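There are 2 protein chains.
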Amino acid sequence: MDKMLEEAVTAIGTPNIALIKYWGKRDPELNLPTNSSISITLDETLNTKTSVLFSDCFKGDRLFINGEAYDLKDTKNEKTAFTAKVLEHMRGLAGTEAGALIVSKNSFPTAGGLASSASGAATLCYAVSEALELRLAPKELSIVARRISGSACRSISGGFVEWRKGSAADGSDSYAESIANEEHWPEVIDIITLIEDKKKKVSSSEGHRRATETSELYQIRPKIADRRVESMEKAIEQRDFEALAEITMKDSNSLHATALDSFPPILYLNDTSKAVIQRIHELNQHEGATIAAYTFDAGPNAQIITLKKHKNKVIDAIGEIISKDRILVVGQGHGPRPLPSSESLLGDMNLL
Amino acid sequence: MDKMLEEAVTAIGTPNIALIKYWGKRDPELNLPTNSSISITLDETLNTKTSVLFSDCFKGDRLFINGEAYDLKDTKNEKTAFTAKVLEHMRGLAGTEAGALIVSKNSFPTAGGLASSASGAATLCYAVSEALELRLAPKELSIVARRISGSACRSISGGFVEWRKGSAADGSDSYAESIANEEHWPEVIDIITLIEDKKKKVSSSEGHRRATETSELYQIRPKIADRRVESMEKAIEQRDFEALAEITMKDSNSLHATALDSFPPILYLNDTSKAVIQRIHELNQHEGATIAAYTFDAGPNAQIITLKKHKNKVIDAIGEIISKDRILVVGQGHGPRPLPSSESLLGDMNLL
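Quick note, the sequences are listed as chains A and B, same order.
Just so you know, we're using the working numbering here: the first sequence kicks off at 516 and counts up by one.
Just so you know, we're using the working numbering here: the second sequence kicks off at 516 and counts up by one.
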């Protein structure tokens, strides 16, 4: 037993917030996107911790998320399906058939549009690769993470991250890498609001599908987004916050516009989201400069990108709309990293 | 005095509801659209009544709307500006400099997204043309109405009306005409909801401008809308309600998508609008057929296009969301017509 426990790996990883959104797949099986995207990997304020232990003694695999047991044969559940895929792939690379025990815990509500799935999938890939002593490079990890959960591939690296869409049919050139690490421009922060913590009514997978298949306006979005990626690269390189902010807002609006143009339409934003959008435009107008940008993933929760020095102004502005205990200030992070064995989640479980 | 009163003309006209929306102008001065559009002229449930009297004895013009005096020199007010334009144009055609007394009354709230401006402008054009004994044909009236209030040009004719965008720079080929009068398919009705009766936060003029100038997705909307016009013509000709309904919903969504993609974005829909959209899709799914279609102009008020036989089902469905005293069933109308002098609004006023 001791030897097995010594082999356990525990890792921590984080969500990312996209400034240019991933929206639409050219290959839904491999999660190959129709456009490149750019995100900020977040610090560990919101995180996933995952412990992984492989053993030849295990009969089959076991998965626990937030204290709940999941059946890895359940292919309809997104989390079990992607865990099974990662295990299959990584065991293949490692040439082993050992069973896995995986225990994972999110520090924040899942399915609230806060990219818990990206955080979970990136952390899982990293932890499994380490536990099997594969030590995959970020590029390889990013490809695996992409296959199982799309935008998770951006949570593998730190700071500002670009997922280049690639063109190969097998996805071998579709992965994310850091274009400026978290030291480049640490002033940029993300203020996360939790407007709604219910499960999404329309999943982002369904959103991707419906936009590409039914929205006529969507047909030009990939080109528009790719042009924005180029402008965003420059804005990041030159630390031009006004440019970054304007592109961020426009790209978020564009995603939600094509969702609304889908059929049946998807309206992820609600009246509170709408009030935040208006409030941020008023704030920028009042300041005579673009000091904050809203962005929304496939849900109503606003994330406000701003600079550290404007933090209080932004919180005061949106605090008129959203209770302050549902507002969280998050900096930039570095991607998944190992945790000491004292942090192992396996000790929490009565499993062994 | 008697002679003057004999010359007074009173007319009644109505709003129209667009199935394919007018959204974006190639010439904002002349209200020349980027795409053709199709609407239903509504019956007199909601109406504008307008009395017009010209006299050489009048010093200047006087305008009263809903009992309130307006200053025709106020070019910033939409209503006074368009009234002044109509008077100037029509007096030019009639070769007179007589002063005008105009008294107008809407039977419904203005500026609530219920096309009161289309109803008012179409009725005004008709009444002024009759009062000056110009007796302009629908085509000519439609051109004048278009110049002063865009979609008002569709309220000049009855039943299903198409506004062909035209291509001439002076707008001489951009006018609306009936493609199937109100006898062709009278089963089609409009169920109007009054979700919000406040003045619009962003006017439709500003919406047109912002979409054409700032929305990148908008750039392909004119082509999409023109294709829908062709499909809609067929649906109307063949009395194919499912086709009519699906195109109607898609085109409304497309307008609101490009509004959301504008910068700053415009979100005319609110949570109640969203609930109505969802409810109509559920109703259609439950029926196994498309029996109803929502459509929204530049505001949150849903209008539901359906067939007479489904009226109660639709009212029951949306009655779960909107109080029934804010729901109005409206049939198809024939455009402006004269009213007998006993209906004159001039008698209401202590003006002469």
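Note that CB positions come from ideal geometry on N, CA and C, so glycine has one too.
For clarity, every value in this text was computed on a predicted model and none was experimentally measured.
Asked                                                                                                                        : Found
Any non-hydrogen atom of the ligand SAH closer than 8 Å to A:K824 Cβ                                                         : Summarising the ligand content, the structure contains no ligands, and the ligand SAH is consequently not present.
Status (buried if at least 16 other CB within 10 Å, exposed otherwise) for B:S767                                            : buried
Chain A contacts made by the region 786–800 of chain B, where a contact means CB separation under 7 Å                        : D786, K789, I792 and H796
Contact with chain A by B:E745, beta-carbon distance below 9 Å                                                               : no
Test: A:F756 CB closer than 9 Å to a CB of chain B                                                                           : no
Near-chain A residues of the region 757–770 of chain B (beta-carbon distance less than 7 Å), N- to C-terminal order          : K765, N768 and S769
Assigned secondary structure, B:A626 (DSSP; H/G/I helix, E/B strand, else coil)                                              : With a pLDDT of only 48 at B:A626, under the threshold of 50, the placement of this residue in the model should not be trusted; the figure read from the coordinates follows. B:A626: coil per DSSP, three-state reduction.
Closer than 9 Å at the beta carbon, the chain B residues around A:T773                                                       : L732, A772 and D776
For A:L647 and A:T590, believed in contact at Cβ under 8 Å, the rounded distance                                             : The pair is not a contact, with the Cβ atoms about 23 Å apart (cut-off 8 Å).
A:T763 in three-state terms, based on DSSP                                                                                   : helix
Beta strand (DSSP E) segment containing B:T565, residue limits                                                               : T563 to S570
Beta bridge counterpart(s) of B:W538 as assigned by DSSP                                                                     : BP columns for B:W538 are empty, so no partner.
Exposure label - B:C668; buried when at least 16 CB within 10 Å                                                              : buried
Beta-carbon neighbours of B:I735, restricted to chain A and to distances below 8 Å                                           : E731, L732, Q734 and I735
Nearest neighbour of A:A637, chosen from A:Q734, A:S570 and A:K594 [CA to CA]                                                : A:K594
Unbroken stretches of the alpha helix (DSSP H), 4 residues or longer, contained in the region 552–612 of chain B             : 593–609
Chain-order list of residues whose beta-carbon lies under 6 Å from that of B:I751 (same chain, five-residue window excluded) : F675 and A695
Boundaries of the alpha helix (DSSP H) in which A:Y733 is found, first to last residue                                       : Careful: A:Y733 lies outside any alpha helix (DSSP H) and carries neither H nor E.
Sheet register partners of A:R852 (DSSP bridge)                                                                              : A:I527
For B:Q800, the three-state DSSP class (helix, strand or coil)                                                               : helix
Terminal residues of the beta strand (DSSP E) in which A:S619 lies                                                           : G614 to N621
Which residues DSSP lists as bridging B:V844, in chain order                                                                 : B:I706
Pairwise C-alpha distance: B:K839 and A:K828                                                                                 : 43 Å
Bridge partners - B:T810, DSSP secondary structure assignment                                                                : B:Q818
Euclidean distance between Cα positions of A:T563 and A:G850                                                                 : 11 Å
Of the residues A:V643, A:E522, A:T529 and A:A523, the one placed nearest A:G846, counting alpha carbons only                : A:T529
Length of the line joining the Cα atoms of A:R673 and A:G635                                                                 : Just to set this straight, residue 673 of chain A is Gly in the shown sequence, not Arg. Taking the straight line joining both Cα atoms gives about 16 Å.
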